[in-house]
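These notes concern the structure reproduced below.
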Amino acid sequence: PVAHQVLAELAEFGYIAGTAPESVGGYGLSNVMQGLLTERLSRAFPGLAGTAFIHSAMTNRIAMAGSKKQQDTYLQKMLNAEMIGCGAITEPSVGSNTADVATRATRTQDGWSISGEKVWISNGNISDIASVVARTGEGKNGLSRFLVERKDGYTSSDIPKMAMNEWSTATLNFNAKVPDWRQVGDEGKGLQITLVGFQTARAYVAMLSVGIAQACLDLAIAYAQEREQWGKRIAQHQMIQEMIADMATLTDNARLLALRGLYLVDQGVRCDVQTSMAKGYATEAAIEVASKAVQIHGACGISSEFPVERYFREARILTIPDGTTQIQKLIIGRGLTGLRAFN
Numbered sequence: 043p044v045a046h047q048v049l050a051e052l053a054e055f056g057y058i059a060g061t062a063p064e065s066v067g068g069y070g071l072s073n074v075m076q077g078l079l080t081e082r083l084s085r086a087f088p089g090l091a092g093t094a095f096i097h098s099a100m101t102n103r104i105a106m107a108g109s110k111k112q113q114d115t116y117l118q119k120m121l122n123a124e125m126i127g128c129g130a131i132t133e134p135s136v137g138s139n140t141a142d143v144a145t146r147a148t149r150t151q152d153g154w155s156i157s158g159e160k161v162w163i164s165n166g167n168i169s170d171i172a173s174v175v176a177r178t179g180e181g182k183n184g185l186s187r188f189l190v191e192r193k194d195g196y197t198s199s200d201i202p203k204m205a206m207n208e209w210s211t212a213t214l215n216f217n218a219k220v221p222d223w224r225q226v227g228d229e230g231k232g233l234q235i236t237l238v239g240f241q242t243a244r245a246y247v248a249m250l251s252v253g254i255a256q257a258c259l260d261l262a263i264a265y266a267q268e269r270e271q272w273g274k275r276i277a278q279h280q281m282i283q284e285m286i287a288d289m290a291t292l293t294d295n296a297r298l299l300a301l302r303g304l305y306l307v308d309q310g311v312r313c314d315v316q317t318s319m320a321k322g323y324a325t326e327a328a329i330e331v332a333s334k335a336v337q338i339h340g341a342c343g344i345s346s347e348f349p350v351e352r353y354f355r356e357a358r359i360l361t362i363p364d365g366t367t368q369i370q371k372l373i374i375g376r377g378l379t380g381l382r383a384f385n
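Numbering (the working numbering), first residue to last: 43 to 385.
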């Protein structure tokens, strides 16, 4: 399949699970370095960068926390993109309220039976294996994670989006049986594993947005330097320069927030507030930068023959996954005040 071929080529340059230790076949990169690679790829192909990021996140989870059997069975296949992974958390009635997951994992004589529906799953329709959050008990301590192969019993169907359709987003339906060794971590620890994963993911989504913003800034500057109106290049007009200055400042601010978040992840500290700041700010900044790029391009900015309109649509999408902008603000507020605005 095309997705496997493309990811396999990216793997040769460290784009796939670059932070995995060299001892297991990774590159041993820091999250800061992996984030910069993500930004570079996102400047050209945000959807492809997102596909690589999601696959890498699952591969890294197995590399860092998987059992020896899980690593021996899957790690090399995922590092070379022979198998593509996804994380299956969101459900029709469960978004940021992860503790309310309803997909059920029931013990069998030799493993687990997993049934339920997941939606808006990134990489879902191209995945060969899913890391599934399922309910094994009651309450927030009743969630566990499992590795489920497609051949174990799940089907998928893509959900069309306003942009980034090369980055699969799908509905997954599970009716699967898996052996006991496919459980990831201890039973009942699925929520904790997931929340730690969210803090890292948000910094990477921020870097995806930075890539879009930087691409729009570069395109706007190039166009303004070339386009002439009233006998001079439009880059010489004060209001065009003001927009470019704003775009550059927004982009750099977003990058610095994202890199701070990734640096803190590398230090092994909890940094929910900082990565939520990065994700919330960078995704909104990318929309504003892309909007100004469209404006600078004038009528050409709304033409599909120019890339800025595509970047504008792609930027808008990234305010939603891994927690909306509003959820990021609630996380920041809770972290700073110590008080919850929701349960």
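All residues carry an ideal CB built from backbone N, CA and C; glycine is no exception.
Beta-carbon gap between residue i and residue j smaller than 8 angstroms
| i | j | result |
| --- | --- | --- |
| SER173 | GLN225 | no |
| ILE254 | TYR353 | yes |
| ASP314 | ILE373 | yes |
| SER251 | ALA296 | yes |
| ALA147 | ALA107 | no |
| ILE58 | LEU49 | yes |
| LEU261 | MET289 | no |
| ALA45 | ILE126 | yes |
| GLU81 | MET249 | yes |
| ALA266 | ILE286 | yes |
| GLY184 | GLY230 | yes |
| TYR305 | VAL74 | yes |
| ALA99 | GLY129 | yes |
| VAL190 | VAL143 | no |
| ALA245 | THR317 | yes |
| LEU117 | ILE96 | no |
| ALA341 | LEU292 | no |
| ILE338 | ALA357 | no |
| ASP170 | ARG192 | yes |
Range of the contiguous beta strand (DSSP E) that encloses residue i
| i | result |
| --- | --- |
| GLU191 | 185–191 |
| ALA324 | Counting along the chain, ALA324 falls outside any beta strand (DSSP E), though it belongs to the alpha helix (DSSP H) covering 314–339. |
| ARG149 | 146–149 |
| ALA130 | 127–130 |
Segment limits, alpha helix (DSSP H) that includes residue i
| i | result |
| --- | --- |
| SER98 | 88–107 |
| THR379 | 367–379 |
| ILE263 | 232–268 |
| THR203 | It is worth fixing the name first, because residue 203 is Lys in this sequence and not Thr. Unbroken run through LYS203: none, as it is neither H nor E. |
| GLN283 | 280–308 |
| LEU121 | 118–121 |
Simplified DSSP state of residue i, which is helix, strand or coil
| i | result |
| --- | --- |
| SER198 | strand |
| TRP272 | coil |
| GLN225 | strand |
| ASN215 | strand |
| ALA357 | helix |
| LYS111 | helix |
| GLU180 | coil |
| GLU51 | helix |
| SER155 | strand |
| GLU133 | strand |
| VAL311 | coil |
| VAL66 | helix |
| SER173 | strand |
| SER345 | coil |
| SER84 | helix |
| ILE168 | helix |
| VAL143 | coil |
Counted within 10 angstroms of its Cβ, other Cβ atoms place residue i as buried (16 or more) or exposed
| i | result |
| --- | --- |
| GLU284 | exposed |
| PHE384 | exposed |
| LEU360 | buried |
| PRO363 | buried |
| GLY380 | exposed |
| LEU237 | exposed |
| ASP194 | buried |
| LYS111 | exposed |
| LYS321 | buried |
| ALA332 | buried |
| GLY60 | buried |
| GLN151 | exposed |
| GLN370 | buried |
| LYS334 | buried |
Supposed close pair residue i, residue j - CB separation, criterion 8 angstroms
| i | j | result |
| --- | --- | --- |
| LYS160 | THR178 | Incorrect: roughly 16 angstroms between the Cβ atoms, too far for contact. |
| GLY89 | TRP209 | 4 angstroms |
| THR366 | LEU233 | With a Cβ gap of about 20 angstroms, THR366 and LEU233 do not count as contacting. |
| PHE216 | SER157 | 6 angstroms |
| SER164 | GLY92 | 7 angstroms |
| ALA53 | ASN122 | 6 angstroms |
| THR211 | SER199 | Actually they are not in contact, since the Cβ atoms of THR211 and SER199 sit about 10 angstroms apart, beyond 8 angstroms. |
| GLY68 | ALA62 | 3 angstroms |
| LEU299 | GLY77 | With 8 angstroms as the limit, LEU299 and GLY77 do not qualify as a contact, their Cβ atoms being about 11 angstroms apart. |
Contact with chain B by residue i, beta-carbon distance below 8 angstroms
| i | result |
| --- | --- |
| GLN112 | No chain B is present in this structure, which holds just one protein chain. |
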